[in-house]
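Below is one structure; the comments refer to it alone.
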Amino acid sequence: MKILLFVSLFIVFYTFAGYGIFLYILIKIKRAVKGRKPEVAEDADLLPSCTLIVAAYNEEYFMEQKIQNTLQLNYPAGKLKLLFVTDGSSDKTPEIIARYPQIQLLHKPERAGKIAAVHRAMEYVDTDAVVFTDANTFLNKDALIKICRQYSDATVGAVAGEKRVHFDENADASAAGEGFYWKYESALKKWDSELYSVVGAAGELFSVRRSLYQPVEADTVLDDFMISMLIAAKGYRIIYEPDAYATETASENVSEELKRKIRIAAGGIQSILRLKKLFNPFPYPVLSFQYVSHRVLRWTITPFLLTLSLILTVVLAIKPGETAMQLLLLAQVLFYLLALLGLIMEKRQLRIKVLFIPYYFCVMNYAVLAGIIRYFGKKQSAVWEKVQRKQ
Numbered sequence: 004m005k006i007l008l009f010v011s012l013f014i015v016f017y018t019f020a021g022y023g024i025f026l027y028i029l030i031k032i033k034r035a036v037k038g039r040k041p042e043v044a045e046d047a048d049l050l051p052s053c054t055l056i057v058a059a060y061n062e063e064y065f066m067e068q069k070i071q072n073t074l075q076l077n078y079p080a081g082k083l084k085l086l087f088v089t090d091g092s093s094d095k096t097p098e099i100i101a102r103y104p105q106i107q108l109l110h111k112p113e114r115a116g117k118i119a120a121v122h123r124a125m126e127y128v129d130t131d132a133v134v135f136t137d138a139n140t141f142l143n144k145d146a147l148i149k150i151c152r153q154y155s156d157a158t159v160g161a162v163a164g165e166k167r168v169h170f171d172e173n174a175d176a177s178a179a180g181e182g183f184y185w186k187y188e189s190a191l192k193k194w195d196s197e198l199y200s201v202v203g204a205a206g207e208l209f210s211v212r213r214s215l216y217q218p219v220e221a222d223t224v225l226d227d228f229m230i231s232m233l234i235a236a237k238g239y240r241i242i243y244e245p246d247a248y249a250t251e252t253a254s255e256n257v258s259e260e261l262k263r264k265i266r267i268a269a270g271g272i273q274s275i276l277r278l279k280k281l282f283n284p285f286p287y288p289v290l291s292f293q294y295v296s297h298r299v300l301r302w303t304i305t306p307f308l309l310t311l312s313l314i315l316t317v318v319l320a321i322k323p324g325e326t327a328m329q330l331l332l333l334a335q336v337l338f339y340l341l342a343l344l345g346l347i348m349e350k351r352q353l354r355i356k357v358l359f360i361p362y363y364f365c366v367m368n369y370a371v372l373a374g375i376i377r378y379f380g381k382k383q384s385a386v387w388e389k390v391q392r393k394q
């Protein structure tokens, strides 16, 4: 029983902290042996032709800002095309976009989901590179240049930008927790990329070579993750470009963030089942190691091991003379009490930042459990599920 407990705790620790520590050590060793890789030059003549695709569903509140942000992006003249697809939108989103002749608008009244809209948009793309971004995110001016310069390396098949979450000093647990999570994720992606490849891209900002784009099934939940990982499975690398970033506001509240996390978790299980070949380490051993360590453990057994660890600790702690187990139980109970206190403070709109991390940690792992149940219960749809964000 103790062996099972320690194995469970080790996997939990490795999933959320150990992998990051190990990755950092590997990077330090690689730099010591090979040195730092020089920064890729930004030669305008070498930049590929590029299409920026924005898939939007009922985003009239953000659309004018998004368009202005898009038109201010830097890229060599004649090499950039702008394509917005608004399938299913029933508000003024298509009307707002139609005012700008610089942007090609695709609109159908039928709502078939984001991935169907993206596939339809890709039929109009004839450039070397494609960049995808969300309608409610805003890019830095040189984002496209920073991303597309990476394609000077023939081994690069996709590029992931950085997601930044904006929140103010009075942010609630959803905002502060989400912001902390993405800062940690950004560090992991930077090290993953330096070691070999990022393990999937986020839809807020990512790019692929047009020639490598492979349509995914219509019911795909995490289309951005699947599109990029299918390219990685062909032997190409996904590079992380932190100098290209998409900024968005945090979720409206924890309930909205939880809804988003559950959807991601359900999509994670779907992706794992469809990317089974990545469990074979022989073709690309480093990618398989990164994939299991960074994604698979989080989306599968680790949340269950958290529960199992608590149960095993309780069983062992009630035995006489098990002081170590009793201290371990005390530590776990204190952590979950802090999370519970964070929930209470959130309900009362009291801002105590030290409680945000345990609370958000528990919310994340609950979302994985709920996502697994949702996926196998066949209740997850690929159709847009709009998450309310702070305005």
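Residue numbering for the sequence shown follows our numbering, starting at 4 and increasing by one per position.
Backbone N, C-alpha and C fix where the C-beta goes; we use that ideal spot for every residue, glycine too.
In the three-state DSSP reduction, aspartate 226 falls in the helix class (H, G or I). Aspartate 46 carries a coil assignment under DSSP once its states are collapsed to helix, strand and coil. Per DSSP, tyrosine 243 is one residue of the beta strand (DSSP E) stretching across 240-252. Excluding sequence positions up to five before and after alanine 157, its CB lies less than 8 Å from no other CB in the same chain. A contact is defined here as three or more CB-CB pairs under 8 Å, and the stretch 123-132 fails this definition with respect to the stretch 22-41. Ranked by Cα distance from leucine 147, the first of Lys381, Glu197, Trp185 and Ala249 is Ala249.
Taken in chain order, the complete alpha helix (DSSP H) segments of 4 residues or longer contained in the stretch 290-375 are 305-320 and 326-350. In the three-state DSSP reduction, leucine 76 falls in the coil class, being neither helix nor strand. Straight-line spacing of the CA atoms in isoleucine 24 and serine 196 works out to 15 Å. Annotated as distal: isoleucine 242 and valine 317, with beta-carbon spacing of 8 Å or more. With contacts defined as CB atoms closer than 8 Å, leucine 308 and isoleucine 14 qualify as a contacting pair. Residue environment analysis places leucine 300 among the buried positions, since at least 16 neighbouring C-beta atoms fall within 10 angstroms of its C-beta.
The beta carbon of glycine 271 is closer than 6 Å to those of Trp302 in its chain, skipping five residues each way along the sequence. In the DSSP annotation of this structure, the continuous segment of the alpha helix (DSSP H) that includes arginine 123 starts and ends at 117-125.
In this structure, the straight-line span from the alpha carbon of tryptophan 194 to that of isoleucine 28 is close to 10 Å. Taking 3 residues as the minimum length, the beta strand (DSSP E) runs contained wholly in the stretch 179-215 are 208-212, in order along the chain. The continuous alpha helix (DSSP H) containing valine 15 extends over residues 5-16.
Under the three-state reduction of DSSP, lysine 37 is assigned to helix. Separation of glutamate 349 and aspartate 137 (C-alpha to C-alpha, rounded to the nearest whole angstrom) is 28 Å.
In the three-state DSSP reduction, lysine 279 falls in the helix class (H, G or I). For lysine 95, no alpha helix (DSSP H) segment is defined, and its DSSP state is neither H nor E. For glutamine 105, the secondary structure class from DSSP, reduced to helix, strand or coil, is coil. For lysine 149, there is no enclosing beta strand (DSSP E); the enclosing alpha helix (DSSP H) covers residues 146-151.
The alpha carbon of lysine 264 has as its nearest neighbour, out of Gln68, Met4 and Tyr369, the alpha carbon of Tyr369.
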